[in-house]
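Asker:
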Amino acid sequence: MAESHAHAHEPHGHAHHEPEGWFKHYFWSTDHKMIAKQYLLTGMLMGVVGAYFAYVFRMQLAFPGKPVPGYGMVTGADYNALITNHGAVMIFWVAMPVLIAAFGNYLIPLMIGADDMVFPRLNRLSYQIFLVSAIILGASFFVQGGAFGGAWTSYPPLSAKAEYNLTPLGPSLWLIAVALEFVAFLLGGINFVTTAMNARAPGMKAFDIPMAVWMIVIASIMFMASVGPLVAGAVMLLFDQLIGTGFFDPDRGGDPVLWQHLFWFFGHPEVYVVLLPAMGFVAEIITVFSRKKLFAYKTVLYTSIGTGVLSFFVWAHHQFIAGIDPRMANVFSVTTVLISIPIAEMCFVYIATLYGGSITFSVPMLWALAFIGEFLVGGVTGIFLGASGADIYFHDTYFVVAHFHYTFFPIAIIGTFAGITYWFPKMYGRHMNELANKVHFWITTVAFNGIFIPLFILGASGDHRRIFDYSNFPELATPEMQAMRVFATISLLVLLAAQPIFLVNFFYSMFKGKQAGANPWNANTLEWQCPSPPPHGNFDVLPDVYRGPYEYSSPDRADDFWPQNSPS
Amino acid sequence: MVKPIATTRSATGVPTGRLAVWWVIASEIVIFGGLLASYVMHRLGHPEWATYAAHTNPWAGGLNTLVLLTSSLTAVLAHNAAERGNGKRAANLLMLTCVGALTFLVVKSFEWYHEISEGFTITANGFWSFYYCAAGLHGIHVIAGAIIMLFVAADARKNKELQRVELIGIYWHFVDLVWIFLFPLLYIAK
Amino acid sequence: MLEHYMKQGSSYASHIDGLVWMIFLMVGFWFLFAEGMFFWLLWRYRKKPGEKAAYFDEHAEHKIKYNWVEIPHRLILVCDVALIVGAISVWTEVKISMPQTDETVRITAQQWAWTFQHAGPDGELDTMDDITTVDELHVQLGKTYKFELASKDVIHSFSVPLFRLKQDAIPGRVITGWFKPTLAGEFDVQCTEICGIGHGIMPAKLHVDTPEEYAAWLANPSHYLAYHY
Chain A
1201 MAESHAHAHE PHGHAHHEPE GWFKHYFWST DHKMIAKQYL LTGMLMGVVG
1251 AYFAYVFRMQ LAFPGKPVPG YGMVTGADYN ALITNHGAVM IFWVAMPVLI
1301 AAFGNYLIPL MIGADDMVFP RLNRLSYQIF LVSAIILGAS FFVQGGAFGG
1351 AWTSYPPLSA KAEYNLTPLG PSLWLIAVAL EFVAFLLGGI NFVTTAMNAR
1401 APGMKAFDIP MAVWMIVIAS IMFMASVGPL VAGAVMLLFD QLIGTGFFDP
1451 DRGGDPVLWQ HLFWFFGHPE VYVVLLPAMG FVAEIITVFS RKKLFAYKTV
1501 LYTSIGTGVL SFFVWAHHQF IAGIDPRMAN VFSVTTVLIS IPIAEMCFVY
1551 IATLYGGSIT FSVPMLWALA FIGEFLVGGV TGIFLGASGA DIYFHDTYFV
1601 VAHFHYTFFP IAIIGTFAGI TYWFPKMYGR HMNELANKVH FWITTVAFNG
1651 IFIPLFILGA SGDHRRIFDY SNFPELATPE MQAMRVFATI SLLVLLAAQP
1701 IFLVNFFYSM FKGKQAGANP WNANTLEWQC PSPPPHGNFD VLPDVYRGPY
1751 EYSSPDRADD FWPQNSPS
Chain B
72 MVKPIATTRS ATGVPTGRLA VWWVIASEIV IFGGLLASYV MHRLGHPEWA
122 TYAAHTNPWA GGLNTLVLLT SSLTAVLAHN AAERGNGKRA ANLLMLTCVG
172 ALTFLVVKSF EWYHEISEGF TITANGFWSF YYCAAGLHGI HVIAGAIIML
222 FVAADARKNK ELQRVELIGI YWHFVDLVWI FLFPLLYIAK
Chain C
7 MLEHYMKQGS SYASHIDGLV WMIFLMVGFW FLFAEGMFFW LLWRYRKKPG
57 EKAAYFDEHA EHKIKYNWVE IPHRLILVCD VALIVGAISV WTEVKISMPQ
107 TDETVRITAQ QWAWTFQHAG PDGELDTMDD ITTVDELHVQ LGKTYKFELA
157 SKDVIHSFSV PLFRLKQDAI PGRVITGWFK PTLAGEFDVQ CTEICGIGHG
207 IMPAKLHVDT PEEYAAWLAN PSHYLAYHY
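Protein chains in written order, with the working numbering: chain A, 1201 to 1768; chain B, 72 to 261; chain C, 7 to 235.
(1) Closer than 8 Å between beta carbons: that is the criterion. Which residues of the region 1439–1454 of chain A meet it against chain B?
(2) Out of I211(B), D226(B), F175(B), L233(B), which one is the CA nearest neighbour of A153(B)?
(3) Give the residues of chain C in contact with E1727(A), contact being defined as C-beta atoms less than 7 Å apart.
(4) Closest Cβ-Cβ distance between L208(B) and chain A: below 8 Å?
(5) Assess, as a yes-or-no matter, whether the region 1632–1651 of chain A is touched by the region 1504–1514 of chain A under the definition of 3 or more beta carbon pairs within less than 8 Å.
(6) Are any of the Cβ atoms in chain A nearer than 8 Å to that of C204(B)?
(7) If the cut is a Cβ gap below 7 Å, which residues of chain C does D1669(A) touch?
(8) At the level of alpha carbons, what is the spacing between E1203(A) and W97(C)?
(9) Taking the C-alpha atoms as reference points, what is the distance between A1595(A) and L1585(A)?
(10) Against K1237(A), what residues of chain C qualify as contacts under a CB-to-CB distance less than 8 Å, listed in chain order?
(11) Chain A beta carbons: is any one of them nearer than 8 Å to that of G158(B)?
(12) Is the beta carbon of A206(B) closer than 8 Å to that of L40(B)?
(13) Check whether chain A comes within 8 Å of D215(C), counting only Cβ atoms and requiring the distance to be less than that.
(14) Return the residue from the list E218(C), P217(C), M208(C) that minimises the CA-CA distance to G1276(A).
(15) For G1659(A) versus A1718(A), is the C-beta distance shorter than 8 Å?
(16) Output, in sequence order along the chain, the residues in the region 57–80 of chain C whose CB is closer than 8 Å to any CB in chain A.
(17) Are the C-beta of L1358(A) and some C-beta of chain C separated by less than 8 Å?
(18) Would G158(B) and A217(B) qualify as a contact pair, given that the criterion is a beta-carbon distance under 8 Å?
(19) Entirely within the region 1592–1630 of chain A and at least 4 residues each: give me those alpha helix (DSSP H) ranges in chain order.
(20) Interface residues of chain A around W98(B) at Cβ under 7 Å?
(21) Taking a cut of 9 Å between CB atoms, which residues from the region 109–137 of chain C lie near chain A?
(22) How far does the beta strand (DSSP E) with C197(C) in it reach, from first residue to last?
(23) Which runs of the alpha helix (DSSP H), 4 residues or longer, sit entirely within the region 1564–1594 of chain A?
(24) Expressed to the nearest angstrom, what Euclidean distance is found between the alpha-carbon atoms of F1223(A) and A1236(A)?
(25) With DSSP as the reference, identify every bridge partner of W184(C), one or two as the case may be.
(26) Which partner residues does L143(C) have in the DSSP bridge list?
(27) Pair every Cβ in the region 42–57 of chain C with every Cβ in the region 110–128 of chain C, then say whether three or more of these pairs are closer than 8 Å.
(28) Taking the straight line between their C-alpha atoms, what separation do you get for N1365(A) and K179(B)?
(29) With a threshold of 8 Å between beta-carbons, can R1630(A) be considered close to chain B, or not?
(30) Looking at the structure shown, is I1559(A) part of a helix, part of a strand, or coil, going by DSSP?
(31) Under 8 Å between C-beta atoms, does I1657(A) make it to chain C?
(32) For the region 1739–1767 of chain A, enumerate the residues whose C-beta is nearer than 8 Å to any C-beta of chain B, in chain order.
(33) Looking only at C-alpha atoms, which of I161(C), T182(C), E192(C) sits nearest to L168(C)?
(34) Taking the alpha carbon of L1261(A) as the point to measure from, which residue in I1651(A), G1250(A), V1745(A), V1704(A) has its own alpha carbon closest?
(35) What are the start and end residues of each continuous beta strand (DSSP E) run of 3 or more residues lying completely inside the region 96–145 of chain B, in chain order?
(36) Comparing C-alpha positions only, which one of V1256(A), I1283(A), M1234(A) sits nearest to P1320(A)?
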């Protein structure tokens, strides 16, 4: 077998490196761990930016017409720019860089027993392009006319013509930023997929790969397969904006609905692109903290792939009433309702992992469990929207907003906290303060529900989306409904107030936290079988693999864990 | 930079560089596929576009098809030479491929110059918008491919990184293949 | 269930609400089942001194999987079929079928107002007695209306929560649909597709008039400001 021969001739993993200057170490590194941290910190910073936008627009909704502390008066135009960029930032500049680029970069080489990604310089370039995309998005706020305010979905003709959107430069900068982000992730995907496919430790067969790695790889493939048409669409929209073509202009023979198809053909798989990595982290965490094998590994894998494939056939459920042929709506309603099947199976299998376990409620475990409990709400509320007949009422209401926050928040926020609290000791060689993390967990989780449960009710009561002031709508301007909007906003304030606890804990513990050993959680996967933090080259001796990743509480062993690289 | 050991492994049996190139090509197929699918959908809904398409120059298009096919041939011959360790010959054949790329671009420049001076600009109507967008995107890939090819040829001439000759060849065949779709769709379809 | 949050004011509102109620019952059951199992397992298998976690080989896994994953899984499939049948039948009624209609109303959306062209006393659209209003739609209780929806600029969306009706207005197209009002009164009309900075300031008022009120409105001479042919 190729693998064992390669091993016999591989030199030691810890290659000879000259000491690096400060610039090369922090800004020009090709080390996957440093690049991962760059993505993580950038993503966290953008998360603060996205959260600030939410703060401002929710304050406007709770106290319409009053100046917002830390912002000022919110006009209709301001409001639209805030919600547009909140969505875009959270998906493209927080969820994707943290879940896929940061954790993917950090974990993949370690978990497969390699010394780095296979294309380190391409990896560095991917981050740099990503950083430029974030800067361009930021620039869009400071140009004449202001930032783009046509929603993250950017439907033309509104997004195509300045005479309609009244922001002459913002939309193009926004679009270029998004397009560059896509390029960064296409390039990043090359590394994730090729490294995971080819650079595995000798002995690591397909079903020995940890679920976190599989999920990031499947997500990368899905991203690549879905983003192409939107890249083409973005070029077309950019031409419409900048040089006056009419791809999406009905007066020039174009079709605005074409954009919607191109967008959602990507947009729907995209939500699974971010979901899968989060589910991968949850798999790693619940196995370690219930000391139990992942239930039905192959089923998890096949349902993930199945969900991924099916996700390419549901996109027009975002367009039921958008003017598509109504008979098409029935087709997409069928596929959308059916996709609940593999997802339900995935959820049941995860829950089954807990059966017979010995569960410790550590902070990472709390986050992983919160993911499952909260994501279930998001999943079931999706059915109301996937059933075409019901979607007529719920489309473009706050019901949709609540649904996708009950999926996105677990994915992007809970998933991130789960990953960070679990892998922090490995990344920094120190522990975070557990009490502070627990306080942060409880406040965040309870407050999150306080924000979005009212939004389900508001949506069912008729609150439509992207409206900066409901006082123009008598059916919606009732004291009861306004009270719910205020409650949701106050819950958001509580949520935001708890986040500094985490941030301070994160940065303080990086330097002053209690020292952590190589494997503080007694886990099996390879990243825990090297020092914390791993040196350049990761392993003194690159490991061989002898078993799967989830051999916990094996009856043949005294220890309740069995690292993948232990010969016996 | 010292290459990591990871780069030399091959759990799938396929060399890492080749895997990466196939990945790039897969992404590009989806991008061009999306653009061309949009074009085809529009074209089906706009029968009058056939009258606009009649103003394209199928002779120039046909010539360019021949040029690209020939350049793919030289790329294959370059790969053969590289396989046999003959870096100098591989480099020369890659340079010939670049000449093909240049010829393609020159012919296209004449084409576009003529069409633009007749008033068929990118904003003239939907057909011409797609025409310039698709052919332009393809042209950018021709230019990018030719530039990379120059770097690969420079290394190959010194018998370095000979495996990259095959890789840039695979990419070049893809660029050729896209043109094979573009040509009938833009020039010939009625 | 939805009627607690928004009144039903059209002939198909109760059908949509019925579908929503069916979905609520089904997903509610599965949600409680999953969360219930989840929390019970967390409590039952919390770490206890002396208790080691179980280790399931492929055979044991298969048995558990069949009972607790496969069977629920197939039951969900049955639920999905019921849901799909319900969804398609409601959708077909509202969006695909076009019953006999008494009158047509033309709705034009633009940045940032709604124009409604009513058929007027003769009941025929595009005749001299048509009544065109801005941000005010008058319909008669119990009559079945066809609407023709258009946009002058960007994508808007015509939404009447009372009717449970929503339809995007796409520039360059005329999209048709229908409704039959069943509740008299004054209600909100919303734009439910972001259409620029004025998206939140283009409400319109829907007047569902009794026959007497409608006749009075028709007779109001201030309508005849613009002629249509």
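Cβ atoms here follow ideal geometry from the backbone N, Cα and C, with glycine treated the same way.
Answerer: Taking the geometry as given:
(1) Result list: F1439, I1443, G1444, T1445, G1446, F1447, R1452, G1453, G1454.
(2) Taking the first residue of the second sequence as position 1, residue 153(B) is located at position 82. Of I211(B), D226(B), F175(B), L233(B), the residue nearest in Cα terms is L233(B).
(3) By one-based count along the first sequence, residue 1727(A) stands at place 527. Going along chain C, no residue has its Cβ under 7 Å from E1727(A), so there is no contact; the nearest lies around 22 Å.
(4) Counted from its first residue, the second sequence places residue 208(B) at position 137. It does; some Cβ of chain A falls within 8 Å.
(5) Contact fails: fewer than three Cβ-Cβ distances are below 8 Å.
(6) As a working note, residue 204(B) is residue 133 in the second sequence. Interface residue, yes.
(7) The residue you call residue 1669(A) lines up with position 469 of the first sequence. Neighbours of D1669(A) on chain C, chain order: G206.
(8) The count along the first sequence starts at 1 and reaches residue 1203(A) at position 3. The count along the third sequence starts at 1 and reaches residue 97(C) at position 91. Its pLDDT being 40, under 50, E1203(A) is placed unreliably by the model, and the measurement read from it follows with that caveat. Rounded to the nearest angstrom, the two C-alpha atoms are 57 Å apart.
(9) Within the first sequence, numbered from 1, the residue matching residue 1595(A) stands at position 395. Within the first sequence, numbered from 1, the residue matching residue 1585(A) stands at position 385. As written in the sequence, residue 1595(A) is His, which differs from the Ala given in the question. As the crow flies, the alpha-carbon of H1595(A) is around 7 Å from that of L1585(A).
(10) Translated into positions along the first sequence, residue 1237(A) becomes position 37. Correct list: empty, because the minimum Cβ distance to chain C is about 33 Å.
(11) Along the second sequence, one-based indexing puts residue 158(B) at 87. It does not; no Cβ of chain A falls within 8 Å.
(12) With chain B running from 72 to 261 in the structure shown, residue 40(B) is simply not present.
(13) The sequence position of residue 215(C) within the third sequence is 209, counting from 1. Under the Cβ distance rule, D215(C) does not count among the residues neighbouring chain A, no pair being separated by less than 8 Å.
(14) Here residue 1276(A) corresponds to residue number 76 of the first sequence, with the count starting at 1. Comparing Cα-Cα distances from G1276(A) to each of E218(C), P217(C), M208(C), the minimum goes to M208(C).
(15) If you number the first sequence from 1, residue 1659(A) lands on position 459. If you number the first sequence from 1, residue 1718(A) lands on position 518. 8 Å or more divides the Cβ of G1659(A) from the Cβ of A1718(A).
(16) The region 57–80 of chain C vs chain A, Cβ under 8 Å: E57, K58, A59, A60, Y61, F62, E67, I70, K71, W74, V75, P78, H79.
(17) Position 158 of the first sequence, counting from 1, holds the residue named residue 1358(A). For L1358(A), a Cβ of chain C is located within less than 8 Å of the residue's own Cβ.
(18) One-based indexing of the second sequence puts residue 158(B) at position 87. One-based indexing of the second sequence puts residue 217(B) at position 146. No, the Cβ-Cβ distance between G158(B) and A217(B) is not below 8 Å.
(19) Counting only runs of 4+ residues, the alpha helix (DSSP H) found wholly inside the region 1592–1630 of chain A occupies 1598–1608, 1615–1628, in chain order.
(20) On the second sequence, position 27 is the one that residue 98(B) refers to. Sequence check: residue 98(B) is Ser here, not Trp. Here the neighbours are L1386, M1424, G1428.
(21) Within the region 109–137 of chain C, the qualifying residues are Q117.
(22) For the purposes of this step, residue 197(C) is taken as residue 191 along the third sequence, with counting starting at 1. Boundaries of the beta strand (DSSP E) harbouring C197(C): 191–197, taken from the DSSP string.
(23) As far as the region 1564–1594 of chain A is concerned, its whole alpha helix (DSSP H) runs of at least 4 residues are 1588–1594.
(24) On the first sequence, position 23 is the one that residue 1223(A) refers to. On the first sequence, position 36 is the one that residue 1236(A) refers to. Distance between the alpha carbons of F1223(A) and A1236(A): 16 Å.
(25) Here residue 184(C) refers to the residue found at position 178 of the third sequence. Beta-bridge partners of W184(C) (DSSP): K152(C).
(26) Locating residue 143(C) in the third sequence gives position 137, where the first residue counts as 1. Listed as beta-bridge partners of L143(C) by DSSP are L212(C).
(27) Here the region 42–57 of chain C does not lie against the region 110–128 of chain C, with fewer than 3 beta-carbon pairs under 8 Å apart.
(28) Locating residue 1365(A) in the first sequence gives position 165, where the first residue counts as 1. Locating residue 179(B) in the second sequence gives position 108, where the first residue counts as 1. A direct Cα-Cα distance of roughly 37 Å separates N1365(A) from K179(B).
(29) To locate residue 1630(A), count along the first sequence from 1; it is residue 430. The C-beta of R1630(A) comes no closer than 8 Å to any C-beta of chain B.
(30) In the first sequence, the residue the question calls residue 1559(A) occupies position 359. I1559(A): strand per DSSP, three-state reduction.
(31) Looking up residue 1657(A) in the first sequence gives position 457. By this cut-off, I1657(A) is an interface position.
(32) Within the region 1739–1767 of chain A, the residues whose Cβ lies closer than 8 Å to some Cβ of chain B are L1742, listed in chain order.
(33) Mapped onto the third sequence, residue 168(C) falls at position 162. Considering only alpha carbons, the answer is E192(C).
(34) Taking the first residue of the first sequence as 1, we reach residue 1261(A) at position 61. Closest by alpha carbon: I1651(A).
(35) Unbroken beta strand (DSSP E) stretches of 3 residues or longer found wholly inside the region 96–145 of chain B: none.
(36) As a working note, residue 1320(A) is residue 120 in the first sequence. Of V1256(A), I1283(A), M1234(A), the residue nearest in Cα terms is M1234(A).
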